[in-house]
Amino acid sequence: MKKIVRAVSRTAAGAVLALGATACGDEFVTVTNPNVIDASTVDPVSSGNTLALSAQQNFVDMFGLLAMYGAWFSGEANVSDTFPTRNEFGVRNITPLNGSLNGDVWAPLSRAIASAKQVLDLALPNPTTNISVARAATFRGFAMLQMASDFCTGSFSSGPELNTNQMLDSASFWLTRGIEVGRANGTAEGASLANLALVGRARARLQRRDNAGAAADAAAVPAGFEF
């Protein structure tokens, strides 16, 4: 850690500044931001796994918020918050301009969907067996499933407005991709993602009233499976 000590005289102060300039050069005014990545430097081959894990983390981050707001809305939990926008969930009277709805629910959910799409749009090697493709497809599907569960209509990555069944079908599409690529990957991690995607597709099919399809997916998941 560098310390700046106030000198007792102008002569001493000048000496300190001169010494600092000599020792530090221009590094004193050079600022780096490790949280910013230049898009031109991203290599899909080497960065695909990191980007896919980021998409997974975006889903995990927003899932807790959805559980909280969903519990307030359904009456499973009581809300006694100082934020009036949060209390609207408890009385099931949420306006489109509700800041908590947009900031805590819709925006993080949309981010999870969009960040997974960024991975799936990359030219990753061996896309039919790539673990990053399996991961991104699985969590894109799960995020779409959550949007279908919590909203009457939705939109994915600036696409058209979709009704509930259309959102569920989109979720099933990507979860199916997660199943296929995860299995083809041939690793324990790939198999785990495939089983997770099966759980998600079973839920999507159940909400779509495809009871037979939901039962078949659920039965294909190993007993005691955890992710």
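Per my numbering, the very first residue in the sequence shown carries number 40; after that it's consecutive.
Glycine included, each C-beta is placed from N, C-alpha and C at the ideal position.
Buried or exposed (CB count within 10 angstroms, at least 16 for buried), L247: The residue asked about is misnamed: residue 247 is Arg in this sequence, not Leu. The residue in question, R247, is buried, as its Cβ has 16 or more Cβ neighbours within 10 Å.
For W145, the nearest candidate out of A227, G217, S209 and N97 (CA to CA): It is N97 whose Cα lies nearest to the Cα of W145.
Environment of T121 [buried if 16+ CB atoms lie within 10 Å]: exposed
Nearest neighbour of Q185, chosen from F264, G142, V99 and N88 [CA to CA]: V99
Contact set for F264: own chain, Cβ-Cβ below 7 Å, skip 5 residues either direction: Excluding residues within five positions, the ones whose Cβ falls inside 7 Å are N234.
Residue environment, D143, which counts as buried when at least 16 other CB atoms sit within 10 Å: buried
Contact check, I152 vs S119, beta carbons under 8 Å: Contact flag unset, no.
The stretch 89-96 / the stretch 155-173 touching (three or more Cβ pairs under 8 Å): yes
Inter-stretch contact at 8 Å, needing at least 3 Cβ pairs: the stretch 223-234 / the stretch 250-257: no
Residues of its chain near S86, where Cβ-Cβ distance is below 7 Å and the 5 sequence neighbours each way are ignored: Once the five neighbours on either side are set aside, S86 has no close Cβ partner at all.
Enclosing alpha helix (DSSP H) for E219 [first to last residue]: Segment T203 to N224, the alpha helix (DSSP H) holding E219.
Residues near M107 by beta carbon distance below 8 Å, same chain, minus five either side: Correct list, in chain order: A116.
Contacts around R242, its chain only, beta-carbon distance under 7 Å, and the 5 residues preceding and following it disregarded: L184
Simplified DSSP assignment, three categories, for T177: helix
Candidates G198, T203, A182 and I170: closest to C191 by CA position: Minimum Cα distance to C191 is reached at T203.
Enclosing alpha helix (DSSP H) for N234 [first to last residue]: A227 to Q246
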